[in-house]
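Enquirer:
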Amino acid sequence: MSRELQIVGFQVGRETYGVPITSLHEIVRVPEITAVPDAPEYMEGVINLRGKIVSVMD
């Protein structure tokens, strides 16, 4: 019996990763990112995701 594994691929920097789709909750398009003054360099800013403020890291 053959079993198929479906994955979602993505890149972080120059590295490529894959995650089984069964491990994901959802995938969303990134809305406008709002910069946060004096935030660390790795923090891109924040987004509003269904009324909740979510940090965006790079």
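The numbering of the sequence shown is this note's numbering, which starts it at 2 and goes up by one. Here a beta-carbon is modelled for each residue, glycine too, at the ideal position from N, C-alpha and C.
Distance check for Arg4 and Val37, CA to CA, integer angstroms please.
Expert: Using only the alpha carbons, I get a separation of about 45 Å.
Enquirer: Name the one or two DSSP bridge partners that Leu6 has.
Expert: Note: Leu6 sits in no beta bridge, so no partner.
Enquirer: What are the residues that DSSP puts in a beta bridge with Glu16?
Expert: The partner list for Glu16 (beta bridge, DSSP) reads Val13.
Enquirer: Does DSSP classify Ile34 as helix, strand or coil?
Expert: Coil at Ile34, not helix or strand.
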